[in-house]
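A short worksheet on the structure shown next.
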Amino acid sequence: MQNYLEVIKAVPLFSYLLNSGIVCLVSIATQIVIACLAAYGFVFFEFPLKKLLFSLVLMTTMIPGEVVVITNYTTIQSLHLTNTYAGLVVTSLISGTSIFLMREGFHLRTPAYRPQRYAVGENSTVCVKRILFRRSDGISDSWINSVI
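Each residue of the sequence shown is one higher than the one before, starting from 37 at the first, in our numbering.
In structure tokens:
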């Protein structure tokens, strides 16, 4: 037991855990917000090259994270964000998997919920907050994906 106490005193383990928790929570929150906005755009708006852009989002899921580690580090270093929380979070702001899961969740829920809200006269922001965001399975799926 004495050895464990010495290690805990020598190594700031709790500050490391706190740092990991902060980075995890901020990354998950930003991923969910960005994925929600991107998925809403892919589901409800018609624009040129929509299918191509979504295919590019899906292609990013096929790239292993280990491939871009050096590129991410050089980018963070050029932005002068090394040894900061922002430097850790910037590399995980956007997730192709989260966008895909959110889009699929919106696709499954929208036919039943969207027309009712627009008939009442509410705008798209209210529709996202009250209907899609609360009832979307994509949110829980993207949260779980981000944690893993």
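For every residue, glycine included, the Cβ atom is placed at its ideal position computed from N, Cα and C.
Judged by their CB atoms, Val-59 and Val-125 are nearer to each other than the 8 Å cut-off.
Under the DSSP assignment, Val-126 falls in the alpha helix (DSSP H) whose first and last residues are 121-126. Straight through space, the alpha carbons of Thr-107 and Glu-42 are spaced by roughly 38 Å. Here Gly-57 is exposed: its Cβ has fewer than 16 other Cβ atoms, across all protein chains shown, within 10 Å. In this structure the stretch 127-139 touches the stretch 73-86; the number of beta carbon pairs closer than 8 Å is three or more. DSSP places Ser-63 in the helix class (H, G or I) of the three-state scheme.
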